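Asker: Following the numbering used here, the numbering of the sequence shown begins with 2 at its first residue and continues without gaps.
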Amino acid sequence: MAGQYKSREEKRLAQQKSKTPKNKKRSLLKRVIISLFIIGIIGMLAGAGLFAYYASSAPKLDEKLLKDPIASEIYDMNGELITTVGKENREYANFDEIPKVMQDAVLATEDNRFYKHNGIDLIRLGGAVIANITSGFGSEGASTITQQVIKGSFLSPDKTLKRKAQEAWLALKLEQEYTKEEIFEMYFNKVYMSAGIHGMATAADYYYGKEIKDIKLHEAALIAGLPQSPNNYNPFNHPESAEKRRNIVLSLMAQHGKITEKEKEQAQKIPITEGLVSKEKLEAENGNKYPAYVDAVIDEVEKMGDYNLFSDGLKVYTTLDTNAQKRVEQILAGEATSFNYPDQEGGIMQAGITLMDTQTGEIRAIGGGRDTEEEVQRGFNYAIDTKRQPGSTIKPLLDYGPAVEYLKWSTYHILKDEPYKYTDGPEINNYDMQHKGAITMREALWDSRNVTALKTFQEVGPEKAEEFVNRLGLDFDHYYESASIGAVSPGMNSVQMAGAYAPFGNEGIYNKPHTVKKVVLRDGETEIKNDNKPEPAMKEYTAYMISDMLKSVINHPKGTGAYAKVPGLAMAGKSGTTNYDQKTREANDIPKSHAPDSWFVGYTTNYTAAVWTGYDQPNKFSLSPSDRHIAQYIVKDLMSYVHDGVDTPDFKKPGSVVEVQVEEGSIPAKLPSDYTPDDKIITELFVKGTEPTKVSKEFDKLDAPKGLKGKFNKKDKTITLAWDYDKKKKDGVTFEVSVLINGADKQTLTTTDKNGLNVENITSTGTFTFEVVAIKGDQRSDPATVNVNVNGGGNEDEEENENEQENGDGQGNGNGQGNGNGQGNGNGQGNGNGQGEGDGNTGDEEGDNPPADGEGTGTGEDGTGDDTGNEGESGGGTEDGTGDGAGDDSGGDSGTSPNSPGLFNQ
2 MAGQYKSREE KRLAQQKSKT PKNKKRSLLK RVIISLFIIG IIGMLAGAGL
52 FAYYASSAPK LDEKLLKDPI ASEIYDMNGE LITTVGKENR EYANFDEIPK
102 VMQDAVLATE DNRFYKHNGI DLIRLGGAVI ANITSGFGSE GASTITQQVI
152 KGSFLSPDKT LKRKAQEAWL ALKLEQEYTK EEIFEMYFNK VYMSAGIHGM
202 ATAADYYYGK EIKDIKLHEA ALIAGLPQSP NNYNPFNHPE SAEKRRNIVL
252 SLMAQHGKIT EKEKEQAQKI PITEGLVSKE KLEAENGNKY PAYVDAVIDE
302 VEKMGDYNLF SDGLKVYTTL DTNAQKRVEQ ILAGEATSFN YPDQEGGIMQ
352 AGITLMDTQT GEIRAIGGGR DTEEEVQRGF NYAIDTKRQP GSTIKPLLDY
402 GPAVEYLKWS TYHILKDEPY KYTDGPEINN YDMQHKGAIT MREALWDSRN
452 VTALKTFQEV GPEKAEEFVN RLGLDFDHYY ESASIGAVSP GMNSVQMAGA
502 YAPFGNEGIY NKPHTVKKVV LRDGETEIKN DNKPEPAMKE YTAYMISDML
552 KSVINHPKGT GAYAKVPGLA MAGKSGTTNY DQKTREANDI PKSHAPDSWF
602 VGYTTNYTAA VWTGYDQPNK FSLSPSDRHI AQYIVKDLMS YVHDGVDTPD
652 FKKPGSVVEV QVEEGSIPAK LPSDYTPDDK IITELFVKGT EPTKVSKEFD
702 KLDAPKGLKG KFNKKDKTIT LAWDYDKKKK DGVTFEVSVL INGADKQTLT
752 TTDKNGLNVE NITSTGTFTF EVVAIKGDQR SDPATVNVNV NGGGNEDEEE
802 NENEQENGDG QGNGNGQGNG NGQGNGNGQG NGNGQGEGDG NTGDEEGDNP
852 PADGEGTGTG EDGTGDDTGN EGESGGGTED GTGDGAGDDS GGDSGTSPNS
902 PGLFNQ
C-alpha cells in the first residue's frame, strides 16, 4: 500500500514537474499583458490630462475671427496707416450661394467625411498616425475642414502636440455650437487663395471674372485645389503645376462619386488657361497701393517668423517715406521728369530703385519696375528680385576700398594705366580702348579705368577683397580676377547695392537694409522687433577717403557720374556698365557701343540711392551710350527731391586722415617746393602717418641767363644778342627774348633754344632794352637785361663801337657765324692796320654762344668768311690776322637761333 502510494506520489510530482515551465510562461505573459494594460491606462490618463491641460489654455471661439480672415495693417515711418493687406481682396459668399459643384470639389479634396464626423475624423486620423510613425511626426495631416477653420482662425500653423490638442478641442466645441453648413461657409470664405486674396468666391472673380454661382466643373476643381499650396498652384504664375493639381481634384471627385469618369476625363482635357481673365484686365482691376514696397515688406515679415500678412491680423510698422515712394513711382511712370525712357517696340526699359537712409539702413522707397506695379506684389520686383552684374560699381567695394583699408593707399596713389593682361592671359581693356599712363587712384575712380582696377585687386588679393565685401552684406560664389570689374556671381540688386555703399557715407558702419521696424501680433501686445544691429564694416579713414574720391566721379567735368550731379549737394557716387561678350554681340548684331546693364549709386550723409536700368531681353534690346545716362538722371531727380529743404552735412573727415598738398606728377608723392606753380599743386588725402615728407625739386627756380651782351650793327641794321647758360642745367631749357624800345610796351620777339639772337631790320632809334628769360615747362627764371643804343648819325666804326655794351675777352672775331640768311655776317674782316696775333676762338661746341668781339693789335690780313650756308647752318669763316679794331664777325662752329622779326618804327 505504501509502495503504491509512493509510486503515485512520485507520479504526481513528476507530472507537476513536467507542467511547471508551461505554467510559468503563461503566468509571465499574463503579467506582461496586465502591465501593458496598466501602462496604457496610465498613458491614456496622462494623455487625457495633458490634453485637458492644453485644451484649458485654448483661446475662446470668436465668431468674428471664425468668419473673417484678419487683414494686416501697414504703417509708414511716421506711424500713419498707409494700406491694409488682405481685407480688400475678399468677397463673402453665404452657404446657399455656393453651387453644388463647388461644394463637391471642396469636400472631395479636403474632407469627404465632413458630414459624418463631429469635428475629428478618427478614420482619417488613424491613417495619418500610421504615416507619421513610418515617415516622421508631421509628415501627414488628418485635419478636417472644421479643424482647418480653427487653425486658420485662432492657432499658429506649428505642428506641435499643444496646437493639435487645442485644435481638436476647439473643433469639437465648434461642431457643438455651429451647423455643418455654417462651418463650411467659414472655411469657404476664410481660406487663402494666393495673390493676397481670401475665399473661394473671391478666387472665382479674381481668376475667372465671374460670380461663384456661375463656376464650371474644371474651374471649381482648380479653385478647390489651391489651398494646399496657393502660390505654387497659381495658374497665372505656374500653369503646369496648377493643371496637375486641378486634375488630381477631378480624380478625387470621381473617386468619391461626385462626378462620373466621363465628366472627369472631359474636364481634364480642358486647357488650364481656358476661362482665365486676361493679364491686362487683372492688372486694371487689382491695383495695389505701393505694391513694390509692400512686396518687400511681405518678404521681410515672412523671414521674421511664420506670419501671413494676408490673414494674421498683423500691424506692421515700416520705414516707408510715402512722399519719396510717390516720387519714385512718378519717375518710373515718366511723370515730370527731365528725360525720356528709350522704350522700343516690344521692349520697355526697366528700372529697379532703392532709396535708403544712409545712417540706419531703413529703406524709404522702392521702385519695382515700369508698367509692372500690379504684378510686383508677389510678382517680379526689379529692385529686390533681379540679379544683374554690377559693372564698375563693384570697384570701390572689391578693389579700391580694400586697398585703402588694408594697404593704406592715399587718394594720390599712382597706378599705371597701360596695356595689360589677366594672370591667365586674356587682355583687359578700358571702356575707351585707350591708356592714360601714370594716374592717381582718384582719377582711376572718376574715369573708371579697368586696368587700374584689376591691378589694385591683384595687390589687395582675393582673400582680403572677399573679407571686405562680406562685411558689406555681399557674398559671391567666386572672386576671380574678372570680379574686379564686375564679373561676379550671383549678380546684385539695388537693395544690396544701396546697403553696400551706405557705410562709405556712414563713417564705415553697416546696417542691413530693411523695411520693417516691428510687427505687432493680433493680440495687440506681442511685438516682434527687427533685431538688425549696426556693425563696423571698415575703418573711418577708408569710408572718408573713398567718399572723397567718389565725389570726384560726380564733380569732375570728365567724371563718369557727371549727369547725376545735384548743384550744392555733397554727394558721392559711382557708375557701372556691363558688357556683352564678342560671341553674343555677333550673334545678336549688337553695336559695340551698346551695353546690357547700367547702374548708378549716389549717396550723401542722409540718403543712399541705387538704380539699375536695362531690359528683360538684353540680347534683343540693349542700351546705347545715351541710354546709359538714365540711371544717373533717376538718381539726380530722386536725390534732388528728398534733399530739398533738408540739411545735409558733408562727409566728416576723421582724425585718422590728413589733407596734404602734393606736387602733381611727382612719383611717389612729394610736397611742392616754393617754386612749384599753383596749377601743379593739388590736395590729396593720406592715412595719418603715411603722408609724404620729401619736397619736390622739379620746379626749383631756374638760373637766369648770364653775360647777356647786345651790339648794334649799323651796316646791316641788326642787333646781335648773346648770353651764357650752364650746360649742365640746360636740358629742356629755352629762352624767351623780349624788347622795350624807348620805354614803350614790352614785345616778345621769339623763343629759342640757342644762346644768341640776331634782331634784323632795325628802323627805330633810341634805347633798346632786351630781356632774356630761361623757361622750362612752367618754370621761368628772372630776366637778364641789356640796353643797346641805336643812333642815326656818325660813321660806321664809331657807331659800332658806341653800341658795344660788353667787350669780348680776347676772342677772335673771325668765326664765320651764320646769320640766318646764309651769309657769314662778319666777313671775318679786321679793320686795324697793325700786325697782330689775335687768336680767334670759336664759339662753344653746341654753337649756342655767338663769339665775343676779338681784341687784337698790329697788322694782319683781313679775315674772310668762307661759307654762305643756309639759315641755322654753321658758317665757316676764319680769321688769318688781326687788327687793332674789333671784328664784327659772328661766325662760329654752328649757327645761332633764327633771326627775330624786324622792329618797325615805334
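We put the beta carbon where it would ideally sit given N, CA and C, even for glycine. Model, not experiment: these values are computed from the prediction.
(1) Helix, strand or coil for G506, going by three-state DSSP, please let me know.
(2) Just confirm the distance between the C-beta atoms of P619 and P592, as a whole number of angstroms; I'd bet it's less than 8 Å.
(3) Determine the DSSP secondary structure at R523, reduced to helix, strand or coil.
(4) Tell me whether V647 is buried or exposed, calling it buried when 16 or more other Cβ atoms sit within 10 Å of its Cβ.
(5) Can you round the beta-carbon distance between V520 and V688 to whole angstroms, since I take them to be within the 8 Å contact cut?
(6) Quick check for students: name the residue ranges of the beta strand (DSSP E) that lie wholly in the segment 641 to 725, counting only runs of 3 or more.
(7) Are the beta-carbon atoms of V740 and F771 separated by less than 7 Å?
(8) For S548, report the span of its alpha helix (DSSP H) as first-last.
(9) Keeping to the same chain, check which residues put their C-beta closer than 7 Å to that of N920; ignore five residues upstream and five downstream.
(10) Which complete beta strand (DSSP E) runs does the segment 581 to 618 hold, if anything under 3 residues is left out?
(11) Indicate the three-state DSSP secondary structure (helix, strand or coil) for I742 in the structure shown.
(12) Give the range of the beta strand (DSSP E) segment to which E74 is assigned.
(13) For R371, which of helix, strand or coil comes out of DSSP?
(14) Which term fits G577, buried or exposed, when burial requires 16 or more other beta carbons within 10 angstroms of its beta carbon?
(15) Apart from the five residues on each side of it in sequence, which residues of its chain come closer than 6 Å, Cβ to Cβ, to D628?
(16) Please name the residue, chosen from N119, I486, R450, K755, that lies closest to G733 on a Cα-to-Cα basis.
(17) On the three-pair Cβ rule with 8 Å, is the segment 268 to 275 touching the segment 232 to 247?
(18) Kindly indicate which three-state DSSP category Q435 falls into: helix, strand or coil?
(19) Suppose contacts are defined by Cβ-Cβ distances below 7 Å. Is W613 in contact with S495 by that definition?
(20) Taking one C-beta from the segment 532 to 547 and one from the segment 497 to 508 each time, how about it: are there three or more such pairs within less than 8 Å?
(21) Can you check whether the C-beta of A404 is within less than 7 Å of a C-beta belonging to chain D?
(22) How close, in whole Å, do the beta carbons of F652 and A571 come, if the pair is a contact with beta carbons under 8 Å?
(23) Could you check which residue in L398, E419, I683 has the C-alpha nearest to that of V661?
(24) Evaluate Q583 with the Cβ neighbour count: other Cβ atoms within 10 Å of its Cβ, from every protein chain shown; 16 or more gives buried, anything less gives exposed.
(25) If you follow the beta strand (DSSP E) that V774 is in, where does it begin and where does it stop?
(26) Nearest-angstrom Cα distance between G574 and I635?
(27) Quick check on DSSP: helix, strand or coil for A625?
(28) Under the rule that 16 or more other beta-carbon atoms within 10 Å means buried, what is G819, buried or exposed?
(29) Would you call the segment 719 to 736 in contact with the segment 759 to 778, where contact means no fewer than 3 C-beta pairs closer than 8 Å?
(30) Using three-state DSSP, classify M350 as helix, strand or coil.
(31) Measure the alpha-carbon distance for S393 versus A337 and round it to whole angstroms.
(32) Is the CB-CB distance between A172 and Q148 below 7 Å?
(33) Residue range of the beta strand (DSSP E) that Q748 falls in?
(34) Looking at C-alpha atoms only, which residue of E275, L227, L218, V278 is the closest neighbour of A255?
(35) With a CB to CB cut of under 6 Å and the five nearest residues on each side skipped, what residues in its chain are close to F713?
(36) Quick one, which of I213, H257, M187, L277 has its alpha-carbon nearest F238's?
Answerer: Taking the geometry as given:
(1) As a first step, residue 506 is located in the sequence shown; it is residue number 505 there, counting from the start. Three-state result, G506: helix.
(2) Within the sequence shown, residue 619 is the residue found at index 618, counting from 1. Within the sequence shown, residue 592 is the residue found at index 591, counting from 1. The C-beta distance from P619 to P592 rounds to 13 Å, too long to meet the 8 Å contact threshold.
(3) Sequence index remark: in the sequence shown, residue 523 carries index 522 (1-based). Residue state, collapsed to three classes: coil.
(4) If you number the sequence shown from 1, residue 647 lands on position 646. Flag for V647 reads exposed.
(5) Within the sequence shown, the letter at position 519 stands for residue 520. Within the sequence shown, the letter at position 687 stands for residue 688. Cβ atoms of V520 and V688 stay farther apart than 8 Å, at about 43 Å.
(6) Listed in chain order, the complete beta strand (DSSP E) runs (minimum 3 residues) inside the segment 641 to 725 are 658 to 664, 682 to 688, 707 to 714, 719 to 725.
(7) Position 739 of the sequence shown holds residue 740. Position 770 of the sequence shown holds residue 771. If you check the CB distance, V740 and F771 come in under 7 Å.
(8) Taking the first residue of the sequence shown as 1, we reach residue 548 at position 547. S548 -> alpha helix (DSSP H) spans 541 to 556.
(9) For the chain, the structure presents residues 2 to 907; residue 920 sits outside this window and is missing.
(10) DSSP runs (the beta strand (DSSP E)) wholly in the segment 581 to 618: 598 to 604, 608 to 615.
(11) Locating residue 742 in the sequence shown gives position 741, counting from the first residue. In this structure, I742 counts as strand in the three-state DSSP scheme.
(12) In the sequence shown, the residue the question calls residue 74 occupies position 73. Per DSSP, E74 is one residue of the beta strand (DSSP E) stretching across 73 to 76.
(13) One-based indexing of the sequence shown puts residue 371 at position 370. Annotated three-state conformation of R371 is coil, per DSSP.
(14) For this step, residue 577 is matched to residue 576 along the sequence shown. It is buried - the Cβ of G577 has at least 16 other Cβ atoms within 10 Å.
(15) Reading the sequence shown from its first residue, position 627 is the one you call residue 628. Spatial neighbours of D628 in its own chain (CB-CB distance under 6 Å, excluding positions within 5 residues in sequence) are listed in chain order as P343.
(16) Against the sequence shown, residue 733 aligns to sequence position 732. When N119, I486, R450, K755 are compared, the shortest CA-CA separation from G733 is found for K755.
(17) With the cut-off at 8 Å, the segment 268 to 275 and the segment 232 to 247 touch.
(18) Translated into the one-based positions of the sequence shown, residue 435 becomes position 434. Three-state result, Q435: coil.
(19) The sequence position of residue 613 within the sequence shown is 612, counting from 1. The sequence position of residue 495 within the sequence shown is 494, counting from 1. Contact check for W613 against S495 passes: the beta carbons are separated by less than 7 Å.
(20) Result yes; three or more Cβ-Cβ pairs closer than 8 Å.
(21) This model lacks chain D altogether; it includes just one protein chain.
(22) Residue 652 sits at position 651 when you count from the first residue of the sequence shown. Residue 571 sits at position 570 when you count from the first residue of the sequence shown. The beta-carbon distance between F652 and A571, rounded to whole angstroms, is 7 Å. This is short enough to meet the 8 Å contact definition.
(23) Residue 661 sits at position 660 when you count from the first residue of the sequence shown. Closest by alpha carbon: I683.
(24) By one-based count along the sequence shown, residue 583 stands at place 582. The residue is exposed, with fewer than 16 neighbouring Cβ atoms inside 10 Å.
(25) Start at 1 with the first residue of the sequence shown, and residue 774 comes out as number 773. Per DSSP, V774 belongs to the beta strand (DSSP E) from 767 to 777.
(26) Translated into positions along the sequence shown, residue 574 becomes position 573. Translated into positions along the sequence shown, residue 635 becomes position 634. Within the model, the alpha-carbon separation for G574 versus I635 is close to 13 Å.
(27) On the sequence shown, residue 625 is found 624 positions in, with the first residue counted as 1. The amino acid at residue 625 is misidentified as Ala; the sequence shows Ser. Of the three classes helix, strand and coil, the one that applies to S625 here is coil, per DSSP.
(28) Counted from its first residue, the sequence shown places residue 819 at position 818. At G819 the pLDDT is 36, less than 50, meaning the model places this residue with poor confidence; the figure from the coordinates comes in the next sentence. By the Cβ-count criterion, G819 is buried, with 16 or more other Cβ atoms from all chains shown falling within 10 Å of its own Cβ.
(29) Yes, they touch.
(30) For this step, residue 350 is matched to residue 349 along the sequence shown. Of the three classes helix, strand and coil, the one that applies to M350 here is coil, per DSSP.
(31) On the sequence shown, residue 393 is found 392 positions in, with the first residue counted as 1. On the sequence shown, residue 337 is found 336 positions in, with the first residue counted as 1. S393 and A337: Cα-Cα distance of roughly 30 Å.
(32) Along the sequence shown, one-based indexing puts residue 172 at 171. Along the sequence shown, one-based indexing puts residue 148 at 147. Closer than 7 Å, so yes.
(33) Within the sequence shown, the letter at position 747 stands for residue 748. In the DSSP assignment, Q748 falls within the beta strand (DSSP E) that extends over 748 to 753.
(34) Residue numbering aside, residue 255 sits at position 254 when the sequence shown is read from its first letter. Comparing alpha-carbon positions, the option among E275, L227, L218, V278 lying closest to A255 turns out to be L218.
(35) Within the sequence shown, residue 713 is the residue found at index 712, counting from 1. Answer for F713: I720, V789, V791, N804, listed in chain order.
(36) Stepping through the sequence shown from its first residue, residue 238 is reached at position 237. Looking at the sequence shown, residue 238 is not Phe but Asn. Nearest C-alpha to N238: L277.
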